[in-house]
Amino acid sequence: MRRTPPGQLWFDFGPVRLPRFDRPSNDNEWLLTLQAMWLEDGDGEARIALWEESRRIAERCVMGMYASRGIKYTRDDVDDRASDAMLYVFRRYDNPSVRWRKTTYRRKFGWNYCVLSNFVSVIRQGVRHAVDWRSKADSLVTYVDYDTVMALSRSREESGGDDYDMP
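With the working numbering, letter number 42 in the sequence shown gets 1062, and the count goes up by one each step, no holes.
What follows is the structure, encoded as structure tokens:
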């Protein structure tokens, strides 16, 4: 019997075949097929296609999330957030410290992470992380546009100078 570290459950997932569809009927099936071609067959072009298709879907998710929240956005904002989301998702494939299912997949196939059922949901989670997550440095900095700064300086000039009087 195999001994496991405390707090970690061991479960043998057995041989895993990634889902592959001969005629994908939607984006999710197409992404799962590309993932299988990349991870099982080692097809580098499938990885590039998986990145491009995932990024296209991430852009739609970012625009939908911004629209539902009433946030005005530019094309650069959408590109940045979609890129951040895809880096967040694809970092899981390359990260050797991913612990869940590591023993089975790493030993048998040489990869740590895969999506077995809903790839679009994983993309949505990446988009949610890219849009909502703020680092400590981001929370300390307030970004103000140029027009707001100019309006504040004009209002100070009209009021007669500084608000702070030194004794």
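Glycine residues also receive a C-beta, built at the ideal position from the N, C-alpha and C atoms.
Are residue i and residue j close, meaning C-beta to C-beta below 8 Å?
| i | j | result |
| --- | --- | --- |
| A1150 | A1105 | yes |
| E1073 | V1098 | no |
| A1066 | L1054 | yes |
| P1044 | A1056 | no |
| I1077 | D1096 | no |
| Y1086 | R1112 | no |
According to the neighbour-count rule (16 or more other Cβ atoms, all chains shown, within 10 Å of its Cβ), is residue i buried or exposed?
| i | result |
| --- | --- |
| D1169 | A small fix is needed here, since residue 1169 is Val in this sequence, not Asp. Counting Cβ neighbours within 10 Å, V1169 comes out exposed, since fewer than 16 surround it. |
| L1172 | exposed |
| W1058 | buried |
| V1135 | buried |
| D1152 | exposed |
| D1167 | exposed |
| K1156 | exposed |
So residue i and residue j are supposed to be a Cβ contact under 8 Å. How far apart are they, rounded?
| i | j | result |
| --- | --- | --- |
| R1101 | V1140 | About 16 Å; that fails the 8 Å criterion. |
| V1082 | V1109 | The pair is not a contact, with the Cβ atoms about 13 Å apart (cut-off 8 Å). |
Any heavy atom of the ligand SAM closer than 7 Å to the CB of residue i?
| i | result |
| --- | --- |
| M1083 | Looking at this structure, you won't find the ligand SAM or any other ligand, since it has none at all. |
Contact criterion: CB-CB distance below 8 Å. Does residue i meet it with respect to chain D?
| i | result |
| --- | --- |
| G1090 | In the structure shown, chain D does not exist; there is a single protein chain. |
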